[in-house]
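Numbering (the working numbering), first residue to last: 362 to 664.
Step one of this worksheet: look at the structure below.
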Amino acid sequence: MSTINLLVLGAHGQLGQAFNAVAGEFVAITLHCVGRELDITQPGLVSALLAKNQYDAVINCAAFTDVNAAEQKVASAQDAYALNHLAVASLAQTLKLQGGFLVHFSTDYVFDGNAHKPYTEHDTPHPINVYGQSKLKGEQAMLKSNPPGLVIRTSWLFSPFGKNFVTYLLNVGQQEQTHTQTLNIVSDQMGSPTSALDLARAVLQLLTQRAQTPHNQAWLTTQLLHFANAGQASWAQLASALVQQAQLNCTILPILTRQYDSPVKRPAYSVLNTQALQTLLNTPIRSWQDALQETLNWKSNAE
Ligand SMILES: NC(=O)c1ccc[n+]([C@@H]2O[C@H](COP(=O)([O-])OP(=O)(O)OC[C@H]3O[C@@H](n4cnc5c(N)ncnc54)[C@H](OP(=O)(O)O)[C@@H]3O)[C@@H](O)[C@H]2O)c1
């Protein structure tokens, strides 16, 4: 197979680094990574880069992800909309006009969390915080422009890279300490913990399949799909599994959302149904526990 050239935007964030980490597993794939120096809120910059270079697909990992700041500060909310909505709208239009394939990521936070079974791509979104609203606007803008591409909703990302729940707990748990630490963690929000490494692999697998079947009608429009590792957990269950697997000297004390001082409303239940994507991949997605073990191994090998 000839080389598949991919441009990764926002490449220095958690997911961008995950793409870089697993790309070597795909022989045909070459990644071209750009970080914040290519500001995606400046449409001319992306358009000029695409005019100069031939990429088989653009993978947008750039986003405003500070959920608390978006809720609390007007300027941050504006940044969230600029990046998560307007920049995505313009990326989608650029790809539609100039030709190309766009992979964009959205979130389980587009849902309000009132469901009692995993959310499918057909369920109606109803975000309950500013971050979720800005992400929903972004995915709607892409679906409206409808360039060839994928909008992939994912949830509760963890990885060996950047700041996330797993790296945070590892930092806390591995600090020098004379006695067991007790950590209060929310137990009444349920979601699908997801490995950014597995998400990146799934996307690279899909882009490889697309290169092998370029005339398949499915690749000609924007498809909305859910990706998450199998299973579900509360934050407290995820933390307990991590404490056990990484043998941290911590005790997890489950607390309720109302006992946790947060400026942001978060969905109580945001488990994603991933059947459509598993069918497309023709393979099941592994459990979050197995994926967590890989992330812990990866992190300890890097230390
Ligand atoms: N993290 C989660 O739990 C989670 C859950 C569901 C969905 N998602 C979605 O998954 C995607 C990846 O998330 P992530 O965790 O990798 O986020 P992240 O670690 O915050 O990475 C986002 C990256 O975007 C970059 N960026 C910010 N402004 C930019 C601009 N104007 N132009 C270009 N790049 C810019 C940031 O640069 P700096 O490093 O310089 O700030 C950062 O490297 C996002 O779409 C997010 O909404 C994430």
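In this text, a Cβ means the ideal position worked out from N, Cα and C, and glycines have one as well.
Since the structure is predicted, the reported quantities are computational estimates derived from the model, not experimental observations.
**Prompt:** Counting Cβ pairs, one atom from each stretch, are 3 or more of them under 8 Å apart for the segment 486-502 and the segment 519-538?
**Reply:** no
**Prompt:** Based on the DSSP secondary-structure assignment, which residues constitute the bridge partners of ALA594?
**Reply:** GLY552
**Message:** If you reduce the DSSP assignment to three classes, tell me which class THR569 lands in.
**Reply:** In the three-state scheme derived from DSSP, where H, G and I count as helix and E and B as strand, THR569 is classed as helix.
**Asked** With a CB to CB cut of under 6 Å and the five nearest residues on each side skipped, what residues in its chain are close to LEU560?
**Response** THR515 and PHE588.
**Message:** For the structure I just gave you, are there three or more beta carbon pairs, one from the segment 362-377 and one from the segment 386-399, closer than 8 Å?
**Reply:** With a cut-off of 8 Å on Cβ pairs, the segment 362-377 is in contact with the segment 386-399, counting three or more such pairs.
**Prompt:** How about SER516: is its Cβ closer than 6 Å to a heavy atom in ligand 1?
**Reply:** yes
**Prompt:** Quick one: what does DSSP say PRO404 is sitting in, helix, strand or coil?
**Reply:** helix
**Prompt:** How would you label ALA409, buried or exposed, when you count the other beta carbons within 10 angstroms and need 16 or more for buried?
**Reply:** exposed
**Message:** Which of the three DSSP states is assigned to TYR416 in this structure?
**Reply:** coil
**Message:** For VAL428 and ALA441, I'd like the C-alpha separation in whole angstroms.
**Reply:** If you take the alpha carbons of VAL428 and ALA441, they lie about 9 Å apart.
**Asked** According to the neighbour-count rule (16 or more other Cβ atoms, all chains shown, within 10 Å of its Cβ), is GLY405 buried or exposed?
**Response** exposed
**ARG514, DSSP secondary structure in three states** = strand
**Request:** Indicate whether the contact test is met: 3 or more Cβ pairs, each with one atom in the segment 618-634 and one in the segment 560-570, closer than 8 Å.
**Result:** For the pair of segments examined, the segment 618-634 was found not to touch the segment 560-570: the number of CB pairs separated by less than 8 Å stays below three.
**Request:** Inspect the beta-carbon positions of THR326 and ASN634 and report whether they are closer than 7 Å.
**Result:** Outside the displayed span of the chain (362 to 664) sits residue 326, for which this structure offers no information.
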